[in-house]
Amino acid sequence: MYGEAKTISRIYYSLIHILKIVDCSALYPIGATGRVLMSNKINNVDSIHWAAEMHAQEVFDGKLDRREFLTRATALGVTSAAAYGLIGLNAPARAMGTPKMGGTLRIQMEVHGMSEPRLYQWSEMGNMTRGWLEHLIHYNNDGSFSPVLAESWETSDDAKTITINLRKGVTWNNGDPFTADDVVHNFNLWCDGNVEGNSMATRMGPLVDPDTKKAIEGSIVAKDSHTVVLNLPYPDITILAGIADYPAAITHPSLDGGNPIDNPIGTGPYLPESYDVGEKAVMVRNENHKWWNEGNGAYLDRIEFIDYGTDPATIMAAVEAEEVDMTYESVGDFIDILDGLDMVRAEASTAATIVVRPNQSTEVDGQKPYSDVRVRRALAMAVDNEVVLELGYAGRGKAAENHHVSPIHPEYAELPPQKVDPAGAMALMKEAGMADFEHEIISLDDGFEKDTSDAVAAQLRDAGFNVTRKVLPGSTFWNDWAKFPFSSTTWNQRPFGVQVLALAYKSGVPWNETGFSNEEFDNTLVEASAIADADQRRVLMKRLEEIMQSEGVIIQPYWRSVYNHARPGLVNAGVHAQFEIKYQNIGWEA
Amino acid sequence: MGRFILQRFGVMFLTALALTLIVFFLTNLQPNLEKIAKFQGNARMTEPEVVSWLEKNGYAQPMLTRYAEWLGLAKGWTHTDDEGKVTGRCIDHGQAPAEAPSRCGLLQGDWGYSIFFEADVAGKVLGKLALTGKLMLWVMLLMIPMALIIGVLSGMREGSKLDRVLSTFSIVTTATPEYVSGVIFIAVFASSAVGLKWFKGTATSAMENATFENFFLPVLTISLYGMGYISRMTRASMTEVMTAQYIRTARLKGVSFYNVVVKHALRNALIAPFTVIMLQFPWLLNGVVIVETLFNYKGFGWALVQAAGNNDIELLLAISVVSVMVVLVTQLISDIGYVYLNPRIRIS
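As you go down the protein sequences, you meet chains A and B in turn. Going by this note's numbering, the first sequence opens with residue 62, and the numbers climb by one from there. Going by this note's numbering, the second sequence opens with residue 6, and the numbers climb by one from there.
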């Protein structure tokens with residue numbers, strides 16, 4: 062009955078959507094895109110990485126667009142201000158006026174159960190603790206990185222040594238000074254693959270000893286009190302992106318695997334006041350702690366995260382009842398409806414996506430239907446990604462090419478367009494002897510995940526395949542998400558293409574949901590991850606993309622743009638491409 | 006009477022024991038345990054990680070042993086990891102193992118730990134019960150008087166125009182499930198689609214600060230459904246009483262219609278609705294599941310949905326015990342109340 066209620070409320074809100082005359086004049090300026098703006102003082106031009114200068118030349122030559130340049134240059138340790146400078150631009154100014162001090166912000170966001178940061182499985186969990194557990198570096202919506210607790214970082218020419226210079230004068234809120242030892246301690250925590258569910262171990266890649274599943278002896282060194290040196294056995298550029306990701310919050314040694322809500326020692330300006338899972342979490346400004354960035358943030362007195370579940374209709378009712386000031390994410394038709402409710406829309410284009418994939422190693426009735434490449438190829442061939450984008454996500458994104466590497470990834474290589482050929486697909490399926498097989502596509506019971514899977518199923522049926530659908534609530538779905546024979550999964554964006562492939566398609570990695578295991582792919586991927594220069598990496602990436610397509614690993618219909626809404630007058634509340642909410646930067650307009 | 010009440014409590018105890026055993030069995034089936042491991046550890050854990058997690062967290066023991074742990078009869082599990090760190094059922098994070106009690110279950114007054122809420126079950130269940138209690142109180146205050154008035158008015162003159170109108174109303178409300186009426190109310194009274202916006206379409210803020218504006222719609226939604234049912238019962242009972250011999254006698258003696266209804270008919274006519282109203286309590290516990298979810302009011306029903314959805318064993322067990330208590334206590338009250346309403350019935 063619970064499901065019925067939701068369906069009916071969905072029907073009702075769709076009705077509103079149809080009936081409503083959307084006020085087109087209400088096109089609000091798009092909010093600030095959550096950039097971390099802090100002047101970077103150690104802009105030492107002498108130390109600019111040679112590759113960054115080379116890339117700058119590529120921008121002038123028209124070989125590289127600005128966004129790609131920023132991702133590459135900042136990953137090489139060039140500050141974003143300097144990176145903009147290299148291509149003759151000024152870093153963008155804050156989009157709106159300075160926020161005033163004070164005020165309460167109510168954010169619609171799920172309140173998940175908490176764990177120590179390296180075990181975080183949701184961006185929401187990272188957002189909760191962002192007010193006191195800060196990161197070393199931050200990934201910006203424009204593809205660049207900006208410094209937080211790290212002041213700067215450099216990659217050696219062979220990309221095997223990464224030097225991280227820490228910000229000086231930072232203290233923990235218990236009075237301890239923040240030093241390189243704390244950071245080394247955190248790196249060791251991240252590298253510990255023996256802890257179940259520690260996804261940071263995958264992100265730390267080469268730093269982890271494959272035998273002991275712990276950090277390689279001597280690979281993480283505190284050179285002095287504020288310098289950390291990472292010595293990699295082989296080059297890997299994705300580590301920097303890894304430490305900007307949400308589970309990489311820097312914790313105090315006293316946390317000791319505990320819950321950061323119970324033991325909130327951190328460097329940031331806020332503290333948790335209350336935390337009720339599934340209901341509400343409240344953060345308040347920590348008046349007894351001098352924040353290193355005092356004066357450039359921590360505007361709000363109080364931040365409330367209120368859980369309205371995942372049903373967009375409920376979230377909309379909350380906005381309408383004026384119980385929240387900002388949504389975590391606005392989806393589907395509700396984007397237009399929320400526009401009409403005097404909310405300011407913000408958009409971020411991302412490499413976030415949905416993948417509808419068969420699992421090659423899952424058994425169905427004693428056989429492995431998707432171990433046959435012909436079956437997988439036929440499935441991918443029958444689906445027109447443009448159509449799925451239109452039906453499943455109302456065209457709010459860009460059609461994808463079934464290889465999970467986005468045009469906004471620096472190493473993206475363009476492949477010839479794929480042909481949609483339902484007749485050919487059927488022929489291939491017949492050849493595999495699977496024309497009568499009943500495919501069951503499993504998806505979440507809500508939102509674009511459901512609509513997209515429905516659209517894919519419809520396309521497959523049009524090609525003559527026998528397809529049924531099954532929807533599951535989130536609590537059931539995510540328990541088995543990687544093992545379903547044929548299901549859809551959402552993937553957040555990551556800054557580098559090699560990163561996504563290593564996380565999801567390398568043989569045997571925890572998040573490999575396709576059961577894909579291909580030696581050439583694995584080897585090429587390791588090789589590609591070792592190349593700091595994106596142009597050289599692109600050569601190998603092209604091969605990786607080709608393997609993904611020819612093996613029919615996934616049906617990847619589109620890249621999503623993401624949206625959220627905030628009340629007018631809220632500054633820096635725009636959606637982040639990785640759904641980070643840095644509430645120390647948000648405030649009410651003066 | 007005393008023996009009767011004692012007997013009822015005995016039944017309650019046995020029912021609770023039997024029900025919790027069944028719930029315990031169902032929530033401890035292997036797939037459900039894997040679900041717990043993934044929920045608690047990481048949704049994206051691998052198979053061997055799950056096994057090792059279950060072992061480390063005491064789930065690998067036989068089911069009956071763990072049920073006895075929950076009751077407080079058996080000693081709580083402990084686990085010593087490779088580095089000599091001891092964890093266990095009764096050892097809090099940061100507590101020295103030597104200081105922890107050996108048993109911690111119902112007998113020791115410990116209702117266990119909710120994995121979903123990450124909090125003690127007892128405190129959470131009480132808090133949620135209080136929230137649902139608040140909702141139910143207002144529902145009862147609105148529903149019972151309205152239902153009785155409608156029932157008596159339509160029952161006192163069977164077949165009259167007033168009876169037809171009120172009966173239609175009762176049948177329509179009781180035939181409309183809450184998830185339909187709730188959605189219609191939100192659409193009409195709370196959204197900008199119709200534009201009335203008299204009330205709020207969510208009751209989340211009513212948990213802390215209930216106002217007429219944010220609390221009326223959920224109360225109305227539940228009330229209307231029960232109202233129709235109770236008023237139909239009252240009407241049936243009232244019409245029956247109104248045709249009884251003694252009412253005719255009273256009328257023939259020249260007693261006014263008002264006095265006949267209020268002084269002679271009402272008391273007898275209310276016996277049947279009284280039982281129905283008492284039976285509404287357990288039904289409300291289940292009815293609030295939908296309404297609380299629809300209006301995002303996080304009470305007992307919502308907690309039940311979360312507990313079941315996340316296979317939160319100890320929370321589900323506590324909820325089962327509370328449900329058994331609510332059902333049997335309200336039945337007990339209705340039985341005792343009967344004695345006072347109807348002198349012909351004697352208990353013991």
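Where is the CB? At the ideal position from N, CA and C, for every residue including glycine. As the structure is a computational prediction, the values presented were derived from the model and not from experiment.
Report task. Could you tell me whether the stretch 487–502 of chain A touches the stretch 602–610 of chain A, where touching means 3 or more Cβ pairs closer than 8 Å? Result -> Cβ pair count under 8 Å is below three, so no.
Query - Classification of Ala87 (chain A) by the beta-carbon crowding that lies within 10 angstroms, buried from 16 upward - result: Residue numbering aside, residue 87 (chain A) sits at position 26 when the first sequence is read from its first letter. Summary for Ala87 (chain A): the model assigns pLDDT 29, below 50, so the residue's position carries little reliability, and this model does not support an answer.
Requested in this report: Starting from the beta carbon of Leu205 (chain B), find every residue of chain A whose beta carbon is closer than 7 Å, and list them in chain order.
Outcome: Along the second sequence, one-based indexing puts residue 205 (chain B) at 200. The amino acid occupying residue 205 (chain B) in the given sequence is Lys; Leu does not appear at that position. Per Cβ cutoff of 7 Å: Ala382.
Requested in this report: Assign Asn527 (chain A) to one of three DSSP states: helix, strand, or coil.
Outcome: Against the first sequence, residue 527 (chain A) aligns to sequence position 466. Asn527 (chain A) sits in a strand when the DSSP states are folded into three classes.
Query raised in the report: Pairing CB atoms from the stretch 167–181 of chain B with CB atoms from the stretch 229–241 of chain B, are three or more of them under 8 Å?
Result: Contact holds: three or more Cβ-Cβ distances are below 8 Å.
Query raised in the report: Under a CB-based cut-off of 8 Å, is Ile191 (chain B) close to chain A?
Result: Here residue 191 (chain B) refers to the residue found at position 186 of the second sequence. Taking a beta-carbon distance threshold of 8 Å, Ile191 (chain B) counts as an interface residue toward chain A.
Report task. Please decide whether Thr51 (chain B) counts as near chain A, where near means a Cβ-Cβ distance under 8 Å. Result -> As a position in the second sequence, residue 51 (chain B) is number 46, starting the count at 1. Interface residue, yes.
Query raised in the report: At a Cβ threshold of 8 Å, is Glu257 (chain A) touching chain B?
Result: Position 196 of the first sequence, counting from 1, holds the residue named residue 257 (chain A). Contacts with chain B at 8 Å (Cβ-Cβ) include Glu257 (chain A).
Query - Beta carbon of Arg628 (chain A) nearer than 8 Å to that of Ile367 (chain A) - result: Here residue 628 (chain A) is taken as the residue at index 567 of the first sequence, counted from 1. Here residue 367 (chain A) is taken as the residue at index 306 of the first sequence, counted from 1. It is not a contact, given that the beta carbons lie outside the stated cut-off.
Query raised in the report: Is the Cβ of Ile367 (chain A) closer than 8 Å to any Cβ of chain B?
Result: Locating residue 367 (chain A) in the first sequence gives position 306, counting from the first residue. Yes, because at least one Cβ of chain B sits closer than 8 Å to the Cβ of Ile367 (chain A).
Query raised in the report: Can you tell me the Cα-Cα spacing of Val97 (chain A) and Arg604 (chain A), whole angstroms?
Result: Within the first sequence, the letter at position 36 stands for residue 97 (chain A). Within the first sequence, the letter at position 543 stands for residue 604 (chain A). Because Val97 (chain A) sits at a pLDDT of 28, beneath the cut-off of 50, its placement in the model cannot be relied upon, and the following sentence gives the value as read from the coordinates. Put simply, the backbone Cα of Val97 (chain A) is about 36 Å away from that of Arg604 (chain A).
Requested in this report: Would you kindly work out how many angstroms separate the C-alpha atoms of Thr181 (chain B) and Phe279 (chain B), rounded to a whole number?
Outcome: Indexing the second sequence from 1 puts residue 181 (chain B) at position 176. Indexing the second sequence from 1 puts residue 279 (chain B) at position 274. In this structure, the alpha-carbon of Thr181 (chain B) lies about 23 Å from that of Phe279 (chain B).
Query raised in the report: How would you list, in chain order, the residues of chain B whose beta-carbon sits under 9 Å from the beta-carbon of Val425 (chain A)?
Result: As a working note, residue 425 (chain A) is residue 364 in the first sequence. For the C-beta of Val425 (chain A), not a single chain B residue is nearer than 9 Å; the gap to the nearest is close to 17 Å.
Query raised in the report: Taking Cβ positions, are Thr209 (chain B) and Ala379 (chain A) nearer each other than 8 Å?
Result: Mapped onto the second sequence, residue 209 (chain B) falls at position 204. Mapped onto the first sequence, residue 379 (chain A) falls at position 318. Yes, Cβ-Cβ distance for Thr209 (chain B) and Ala379 (chain A) is below 8 Å.
Query raised in the report: So, does the CB of Leu402 (chain A) fall closer than 8 Å to a CB anywhere in chain B?
Result: In the first sequence, the residue the question calls residue 402 (chain A) occupies position 341. The beta carbon of Leu402 (chain A) sits closer than 8 Å to some beta carbon of chain B.
**Report entry** Residue burial classification, Asn584 (chain A) (beta-carbon count within 10 angstroms, cutoff 16)
**Finding:** Walking along the first sequence from the start, residue 584 (chain A) turns up at place 523. Counting Cβ neighbours within 10 Å, Asn584 (chain A) comes out exposed, since fewer than 16 surround it.
Query raised in the report: Is any beta-carbon of chain B found at less than 8 Å from that of Met487 (chain A)?
Result: Along the first sequence, read from residue 1 onward, the residue named residue 487 (chain A) stands at position 426. No, no contact with chain B.
Requested in this report: Spell out whether any CB of chain B is found under 8 Å from the CB atom of Ser536 (chain A).
Outcome: Translated into the one-based positions of the first sequence, residue 536 (chain A) becomes position 475. Any Cβ of chain B closer than 8 Å to the Cβ of Ser536 (chain A) would place that residue at the interface, and such an atom is present.
Report task. Go through the stretch 527–614 of chain A residue by residue and report every complete run of the alpha helix (DSSP H) that reaches 4 residues or more, in order. Result -> Complete alpha helix (DSSP H) runs here, min 4: 535–538, 558–565, 580–590 and 595–611.
Report task. Could you run through the stretch 121–139 of chain B and flag, in chain order, every residue whose CB is less than 7 Å away from some CB of chain A? Result -> Of all residues in the stretch 121–139 of chain B, only Phe121, Phe122 and Glu123 place a beta-carbon less than 7 Å from a beta-carbon of chain A.
Report task. Determine the direct distance from the alpha carbon of Asn553 (chain A) to that of His84 (chain B), and round the result to whole angstroms. Result -> In the second sequence, the residue the question calls residue 84 (chain B) occupies position 79. In the first sequence, the residue the question calls residue 553 (chain A) occupies position 492. So the alpha carbons of these two residues sit roughly 36 Å apart.
Query raised in the report: Can you list, in chain order, the residues of the stretch 168–185 of chain A whose Cβ is nearer than 7 Å to any Cβ on chain B?
Result: So the list reads Gly174, Met175, Leu180 and Gln182, given in the order they occur along the chain.
Requested in this report: Starting from Leu316 (chain A), follow the alpha helix (DSSP H) in both directions and report where the run begins and ends.
Outcome: Here residue 316 (chain A) refers to the residue found at position 255 of the first sequence. Where Leu316 (chain A) is concerned, there is no enclosing alpha helix (DSSP H), given that its DSSP letter is neither H nor E.
Query raised in the report: Listing by chain order, which chain A residues have their CB less than 7 Å from the CB of Asn315 (chain B)?
Result: Numbered from 1 along the second sequence, position 310 holds the residue referred to as residue 315 (chain B). Per Cβ cutoff of 7 Å: Ser536.
Query raised in the report: Does the separation of the CB atoms of Ser196 (chain B) and Gly206 (chain B) fall below 8 Å?
Result: Residue mapping note: residue 196 (chain B) aligns to position 191 of the second sequence, counting from 1. Residue mapping note: residue 206 (chain B) aligns to position 201 of the second sequence, counting from 1. Yes, these two residues count as a Cβ contact at 8 Å.
Query - For Tyr343 (chain B), the residue or residues it bridges with in DSSP - result: Sequence index remark: in the second sequence, residue 343 (chain B) carries index 338 (1-based). Residue pairing from DSSP leaves Tyr343 (chain B) without any beta-bridge partner.
Query - Contact set between Asn92 (chain B) and chain A, taken where Cβ atoms lie within less than 7 Å - result: As a position in the second sequence, residue 92 (chain B) is number 87, starting the count at 1. First, the residue type needs correcting, since residue 92 (chain B) is Thr and not Asn in the sequence shown. Neighbours of Thr92 (chain B) on chain A: none; closest Cβ ~11 Å, over 7 Å.
Requested in this report: State whether the stretch 530–540 of chain A contacts the stretch 501–513 of chain A, with contact taken as three or more CB pairs (one from each stretch) at a distance under 8 Å.
Outcome: Judged by Cβ distances under 8 Å, the stretch 530–540 of chain A makes contact with the stretch 501–513 of chain A, as three or more pairs qualify.
Requested in this report: Give me whichever residues DSSP pairs with Asp285 (chain A) in a beta bridge.
Outcome: Taking the first sequence and counting its residues from 1, the one referred to as residue 285 (chain A) is at position 224. Per DSSP, A:Thr288.
Query raised in the report: Taking the alpha carbon of Glu195 (chain A) as the point to measure from, which residue in A:Trp233, A:Val256 and A:Phe582 has its own alpha carbon closest?
Result: Start at 1 with the first residue of the first sequence, and residue 195 (chain A) comes out as number 134. Considering only alpha carbons, the answer is A:Trp233.
Query raised in the report: CA-CA distance, Leu346 (chain B) and Arg272 (chain B)?
Result: Reading the second sequence from its first residue, position 341 is the one you call residue 346 (chain B). Reading the second sequence from its first residue, position 267 is the one you call residue 272 (chain B). A direct Cα-Cα distance of roughly 7 Å separates Leu346 (chain B) from Arg272 (chain B).
Query raised in the report: Looking at the C-beta of Val83 (chain A), does it have a partner C-beta in chain B at a distance below 8 Å?
Result: Counted from its first residue, the first sequence places residue 83 (chain A) at position 22. Summary for Val83 (chain A): the model assigns pLDDT 30, below 50, so the residue's position carries little reliability, and this model does not support an answer.
Requested in this report: Express the C-alpha separation of Val338 (chain A) and Glu408 (chain A) in angstroms, rounding to a whole number.
Outcome: For the purposes of this step, residue 408 (chain A) is taken as the residue at position 347 of the first sequence. For the purposes of this step, residue 338 (chain A) is taken as the residue at position 277 of the first sequence. Distance between the alpha carbons of Glu408 (chain A) and Val338 (chain A): 28 Å.
Requested in this report: Assess, as a yes-or-no matter, whether the stretch 291–301 of chain B is touched by the stretch 241–261 of chain B under the definition of 3 or more beta carbon pairs within less than 8 Å.
Outcome: Contact between the stretch 241–261 of chain B and the stretch 291–301 of chain B is absent, because fewer than three Cβ pairs lie under 8 Å.
Query raised in the report: By how many angstroms is the C-alpha of Glu177 (chain A) removed from the C-alpha of Ala310 (chain A)?
Result: Translated into the one-based positions of the first sequence, residue 310 (chain A) becomes position 249. Translated into the one-based positions of the first sequence, residue 177 (chain A) becomes position 116. Distance from the CA atom of Ala310 (chain A) to the CA atom of Glu177 (chain A), rounded to whole angstroms, is 9 Å.
Query raised in the report: Within 10 angstroms of its Cβ, does Glu278 (chain A) collect 16 or more other Cβ (buried), or is it exposed?
Result: Numbered from 1 along the first sequence, position 217 holds the residue referred to as residue 278 (chain A). The residue in question, Glu278 (chain A), is exposed, as its Cβ has fewer than 16 Cβ neighbours within 10 Å.
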